[in-house]
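Asker: Per the working numbering, the very first residue in the sequence shown carries number 2; after that it's consecutive.
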Amino acid sequence: KEQDKEWLAVDMSSPLYRDNVYVAWTEFDNYGSSSSLDSSRILFSRSTDLGETWSAPVRVSDKGGNCVDEDLTVEGAVPTIGINGEIFVSWSGPLGIMFDKSTDGGLTFGTDIFVSNQPGGWDFAVPGINRCNGMPITVCDTSHSPFRGNIYINWSDQRNGSSNTDIFLKKSTDGGNTWGNLIKVNNDNTERHQFFTWMTVDQTTGIIYILFYDRRNTTGSATDVFLAKSTDGGDTFENFKISETSFTPSQSIFFGDYTNIAAHNRKVYPIWMRMDNSNLSVWTTIIHDSSSIVPVEFSVFNAKSNGKNVLLEWSTSSELNNHGFEIERAIIPNTQGNEIVWQSIGFVKGNGTSNTNIDYSFTDYNLLNGYYLYRLKQIDFNGNSNYSKTVEVDLMNPADFLLEQNYPNPFNPITTISFQIPNEELVSVKVYDVLGKEVKTILNEIKKTGVYEVTFNGSELSSGLYVYRLTAGNFISQKKMIMLK
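(1) Between the Cα of residue 370 and the Cα atoms of 450, 326 and 355, which residue gives the shortest distance?
(2) Out of 40, 454, 463 and 184, which one is the CA nearest neighbour of residue 172?
(3) Thinking C-alpha only, which one of 208, 469, 272 and 320 is nearest residue 198?
(4) Taking a contact to mean a Cβ-Cβ separation below 8 Å, would you say residue 262 touches residue 214 in this structure?
(5) Going straight from the alpha carbon of residue 394 to that of residue 423, what length do you get?
(6) Where are the beta strand (DSSP E) runs, 3 residues long or more, that stay fully inside the segment 112 to 183, in chain order?
(7) Leaving out five residues before and five after residue 66 in sequence, what residues of the same chain have Cβ atoms less than 6 Å from its Cβ?
(8) Looking at the structure shown, is residue 338 part of a helix, part of a strand, or coil, going by DSSP?
(9) Note down, one range per segment and in chain order, each beta strand (DSSP E) of at least 3 residues found wholly within the segment 236 to 262.
(10) Buried or exposed: where does residue 408 fall if 16 or more other Cβ atoms within 10 Å of its Cβ makes it buried?
(11) Give a yes or no on whether 8 Å exceeds the smallest Cβ distance from residue 107 to chain C.
(12) Tell me the rounded alpha-carbon separation between residue 338 and residue 332.
(13) In angstroms with no decimal places, state the Cα-to-Cα distance between residue 482 and residue 437.
(14) Quick one, are the C-beta atoms of residue 232 and residue 250 less than 8 Å apart?
(15) List the residues that DSSP assigns as beta-bridge partners of residue 199.
(16) Could you give the distance in angstroms between the alpha-carbon of residue 53 and the alpha-carbon of residue 24?
(17) Alpha carbon to alpha carbon, how far is residue 364 from residue 310? Give it in angstroms, no decimals.
(18) Reducing DSSP to helix, strand and coil, say where residue 377 ends up.
(19) Is it right to say residue 327 is buried, meaning 16 or more other beta carbons lie within 10 angstroms of its own, or is it exposed?
(20) Count the other C-beta atoms from every protein chain shown that fall within 10 angstroms of the C-beta of residue 344, then say buried if there are 16 or more, exposed otherwise.
(21) With distance defined between alpha-carbon atoms, name the residue in 462, 470 and 85 nearest to residue 402.
(22) Helix, strand or coil for residue 332 per DSSP?
(23) Can you tell me whether residue 375 is buried or exposed, with buried defined as 16 or more other CB within 10 angstroms of its CB?
(24) Excluding sequence positions up to five away, which residues of its chain have a Cβ less than 7 Å from the Cβ of residue 406?
(25) Just verifying my parser: in three-state terms, what is the DSSP assignment at residue 483?
Shown next, in the form of structure tokens:
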């Protein structure tokens, strides 16, 4: 059997399936065969060890296609990852654009869902192009923009006539169960060709970018490259020409089947092919999307440690169109020259438009000892974003004494007690019953400044209320805990 059009996706964020690698593709019983006994299908496999080994393929498409490699063949399965680690796949075939998803890390897939018809099929002719296809691209918005969780499918077809190829998009706001209205991406009114589309979502802003070849401004087979952009979740698109000059491909020379595009933090990286004097070349550019940023005025932003937790507090003196704040954290490397890597750890909803002071807070729990950086990415309802200043927290050298509540509480029979000390001290942690009688010394030694944990095993104690006490130099603090057998 033959395999074709393998596309990869990597789960970069969900806790359960992080770093899983996924691949979807088309399998042919006998490529090129027109026999009704031969069929094609969409298959899927996953790797949980960074590509070293792969699972046995599972079938995604409920209905197969033929093996001729044309409109009635199922092809073009590009997987993407959802906000909870779901895997989304769409493809073209005899039923049109179809969609399926897995909610268990790719072990199983559900029932296929119809997205759209594809008049003229996915295998169509464009003058000057050796072959052309309109297979779909699927992307999920995993940013903290207002469109978080939206699934977008982008493709091209000739529903408006064989001389008028257009780019289309549909979106789902409910995990792919239902799909909205058909959106035309290219905003021209000509009967010309737009083809070989690819799509990405800037996962820092939620802005959609779609790349395609375009002939709206040319004659014959002369071709430009255009970029479409949506800041409203795919409802409307602006179009921009990004190629400096047109080029004219030749029908006799294979031009390739794909473009591609990536975007991050308003930097857009398209890649495309062009042909000049029968010579093929690959092109790219870096586009700095300089759309206006709607400011939120920060009056205060600070961070302070509380045991193994960090409390972030900030205030705004004015807000305009404020969707909210994405919280980002980075660990300061121990070795000079190592890169600082920022990670999104949470989101706090904003207050839209306001001219009064508004206070916000966020707690980052259960951190290891280290030096941490924090910043806020303010996002407006159009997906525009702006960064706050950066604040630093030292969890290696606490500023104050602190005794935390044991966890778990109640406990049986083991619990953990955490504390921090700002100076080197003789430290003792002792347990007492309700009459004040000492029942256990957990710790009694000199400790340097830092954050510590001790474990208490109460298997020899009766159920009831106990007190644990931290003594460090002149500092004394105690809390209650419950042993419950």
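For glycine and all other residues, C-beta sits at the position ideal for the given N, C-alpha and C.
Answerer: Straight from the coordinates:
(1) 450
(2) 184
(3) 272
(4) no
(5) 14 Å
(6) 114 to 117, 138 to 141, 152 to 158 and 167 to 173
(7) 41, 73, 74, 75, 94 and 95
(8) Unreliable placement is indicated for residue 338, whose pLDDT of 48 sits below 50; no coordinate value is reported for it.
(9) 239 to 242
(10) exposed
(11) Absent from the structure is chain C; it holds one protein chain and no more.
(12) Unreliable positioning characterises residue 338 in this predicted model, as indicated by a pLDDT of 48, which lies under 50. The coordinate reading is nonetheless provided below. Rounded to the nearest angstrom, the two C-alpha atoms are 13 Å apart.
(13) 14 Å
(14) no
(15) 212
(16) 13 Å
(17) 7 Å
(18) strand
(19) buried
(20) exposed
(21) 470
(22) strand
(23) buried
(24) 480
(25) strand
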